[in-house]
Amino acid sequence: MGVCRSSKMFIHAVRVVSSMSDQNLEIKLKLFRDLGFSEYEILEMFRKTPPVFAVSERKLKKVMEVLLATGKYDVSCIFNSPTSFICSVENKLKPRIQVLSILESRNLIEKWPSLATITRMTEISFFEKFVYPFLNEVGEVYMVNNTITAKRSRKLKDRIKKEP
């Protein structure tokens, strides 16, 4: 599928392909086509992020549905950030999208961040950039919907209490 043997992704590509039957691989490729990706885009996603092909069909559809429903991201954005397929929909994507929607509705942000930014930011970084400055508007929503580890959650809560 075009992954160079010297690439860091080669071992991941081998693992993904070897874990599927030819029939399952064809089903996965058909699903990507049905989701709106071209043959070129499918191969490029495989080369850049082979683990995406190990994600279940149900999750691939759910991620597409959630991201396209925002109206902020399209198939080309998802193609440019295929790691979004690996993210948890309930624990990462939906809470972040909800925070950004609230910020936008209250004119607190002018432009949504790129999909790559949303999916690659750590919880702490997202909190510091998009939640903490607007704590009164989105703090409670973020804390309720976000399932950060107990340790990180305590750190964030302690930080909020220390700030004036």
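The opening residue of the sequence shown carries number 22 in the numbering used here; numbering runs sequentially from there.
Virtual Cβ for every residue (Gly too), placed ideally from N, Cα, C.
Residue interval of the alpha helix (DSSP H) (run including Ala90): If you look at Ala90, you'll find it in the alpha helix (DSSP H) that goes Glu78 to Ala90.
Segment contact flag, the region 130 to 148 with the region 91 to 106, C-beta cutoff 8 Å, min 3 pairs: yes
Beta-carbon contacts of Val37 that lie in its chain and below 6 Å, excluding the five residues immediately before and after: Pro71, Phe74 and Ala75
Given Arg117 as reference, the closest of Phe67, Thr104 and Phe151 once Cα atoms are compared: Phe151
Buried/exposed call for Val159, threshold 16 Cβ in 10 Å: Val159 should be labelled buried.
Other residues of its chain near Pro103: CB distance less than 8 Å, five sequence neighbours each side excluded: Met66, Lys69, Thr70 and Val73
Proximal residues to Phe155 (C-beta, below 7 Å), its chain only, five neighbours per side dropped: Leu124 and Leu129
Chain-order list of residues whose beta-carbon lies under 8 Å from that of Phe100 (same chain, five-residue window excluded): Phe58, Glu62, Glu65 and Met66
For Thr140 and Cys98, believed in contact at Cβ under 8 Å, the rounded distance: Incorrect: roughly 10 Å between the Cβ atoms, too far for contact.
Val186 and Leu114 closer than 8 Å at C-beta: Since the first residue shown for the chain is 22 and the last is 185, residue 186 is missing from the structure and cannot be characterised.
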